[in-house]
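Residues in the sequence shown are numbered consecutively from 1, following full-length UniProt numbering.
Just below is one structure, and these are the notes that go with it.
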Amino acid sequence: MNTSAVLFGLGTMIAWGFWIISGDVASNSIDPETAAFISYATAAVATGLFVLVSDASLAVTNRGLLSAGIAGIAAAVGVVSTFIGVTVGPTAVVSTIGGMYFVTAALISTVAFGEPLSANKVAGIGLAVAAIVVINQ
């Protein structure tokens, strides 16, 4: 197992946990669309500063630029959906279902990139869906 990948995965999990709880508080204090904008504007500044102080390359390709732009649009839809969702329903429901984004990624990678859909992937997706049902009961 790759220790670095696990550590970054844990960092992602912890950060997204704080993000959704903070987004819930913000969205119930101000307009959720405005809260989403402030959240991602802050993220853009913080990420930009990180790029500037790190050894990241500023070189881009057309494919990379297009894909990063699509990712940004998808992130915007996701953050607005999340912030509105937590104002109309329980954070546990919105975050649990939203956390299933890996199902979408697995299906897209299979259809668009020809990655195999193994029995293990299907079983994992099935167990994750079952987890959503159990957690939200």
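Just so it is clear, CB atoms sit at the ideal spot from N, CA and C, and this is done for glycine as well.
Being a predicted model, the structure only gives us computed values, none of them experimental.
Whether residue i touches residue j by CB criterion (8 Å)
{"i": "F83", "j": "S4", "result": "no"}
{"i": "T96", "j": "I132", "result": "yes"}
{"i": "A105", "j": "I125", "result": "no"}
{"i": "A41", "j": "G23", "result": "no"}
Between the CA atoms of residue j and residue i - distance to the nearest angstrom
{"i": "N120", "j": "S109", "result": "15 Å"}
{"i": "Q137", "j": "S39", "result": "30 Å"}
{"i": "A56", "j": "A44", "result": "15 Å"}
{"i": "E33", "j": "G85", "result": "11 Å"}
{"i": "D31", "j": "A71", "result": "24 Å"}
{"i": "F50", "j": "A130", "result": "38 Å"}
{"i": "S29", "j": "T12", "result": "25 Å"}
{"i": "F113", "j": "L65", "result": "19 Å"}
{"i": "L52", "j": "G69", "result": "19 Å"}
{"i": "S54", "j": "I14", "result": "22 Å"}
{"i": "G48", "j": "S67", "result": "18 Å"}
Closest Cα partner of residue i within the set the options
{"i": "G98", "options": "T42, L52, A128", "result": "A128"}
{"i": "P90", "options": "G9, I135, G11", "result": "I135"}
{"i": "A74", "options": "Y101, A123, G9", "result": "Y101"}
Where residue i sits in the DSSP three-state scheme
{"i": "D31", "result": "coil"}
{"i": "M100", "result": "coil"}
{"i": "G89", "result": "coil"}
{"i": "V111", "result": "helix"}
{"i": "V94", "result": "helix"}
{"i": "L117", "result": "coil"}
{"i": "V6", "result": "helix"}
{"i": "T61", "result": "coil"}
{"i": "A56", "result": "coil"}
| At least three beta-carbon pairs within less than 8 Å, the segment 18-34 to the segment 74-88 | yes
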